[in-house]
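Numbering (full-length UniProt numbering), first residue to last: 1 to 162.
This is the structure in structure tokens:
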């Protein structure tokens, strides 16, 4: 697996998250903490997610992005922005229905802000399983296609519950 990173910048309640490399479930605890921090900030206004250097993105991460979009729209009444230039990532984003919950931009930012790398958080297997389950439930709530796509996985994860 290639290196993966999440970079972040925040100014006056506007957050920028940049995902680099293969973004998979190993980042779910880190991303979930970022979500809690963003929406715990009373100054939160919106978020921009930059996927221009994302090589691979898995369904758990997509579920967490959907969670960000839904919470952002509910909190600020603005759709967050998602920047994607990789055709494979863009295809996945559209197939999941993200064009209804994000403003999708297909060109990278011209003058990116200085971003700070977010340290990777460690999580137990149970914590990761719970985050994977929650992320996929969020994806399923978006549309019928996603519900059909992930229902077997969600059932399997629910059966594994302690």
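Ideal Cβ positions, reconstructed from N, Cα and C, are used throughout, including at glycine.
{"Item": "Cβ pair residue 39, residue 65 closer than 9 Å", "Value": "no"}
{"Item": "Complete beta strand (DSSP E) runs within the stretch 3–34 (minimum length 3 residues, chain order)", "Value": "4–11, 14–23"}
{"Item": "Neighbourhood of residue 125 by C-beta, 8 Å cutoff - its chain only, sequence neighbours within 5 removed", "Value": "none"}
{"Item": "For residue 101, the three-state DSSP class (helix, strand or coil)", "Value": "coil"}
{"Item": "Given residue 132 as reference, the closest of 150, 10, 45, 51 once Cα atoms are compared", "Value": "150"}
{"Item": "Neighbourhood of residue 48 by C-beta distance below 6 Å, restricted to the same chain and skipping five residues each side", "Value": "16, 81"}
{"Item": "Residue 152, DSSP secondary structure in three states", "Value": "helix"}
{"Item": "Beta carbon proximity, residue 142 to chain C, threshold 9 Å", "Value": "Note that chain C does not occur in the displayed structure, where there is just one protein chain."}
{"Item": "Short Cβ contact (9 Å threshold) for residue 89 with residue 28", "Value": "no"}
{"Item": "Option nearest residue 141 by Cα separation, candidates 77, 67, 78, 74", "Value": "67"}
{"Item": "Anticipated Cβ contact below 8 Å, residue 139 with residue 96, distance rounded", "Value": "7 Å"}
{"Item": "Collapsed DSSP secondary structure at residue 160 in the structure displayed", "Value": "coil"}
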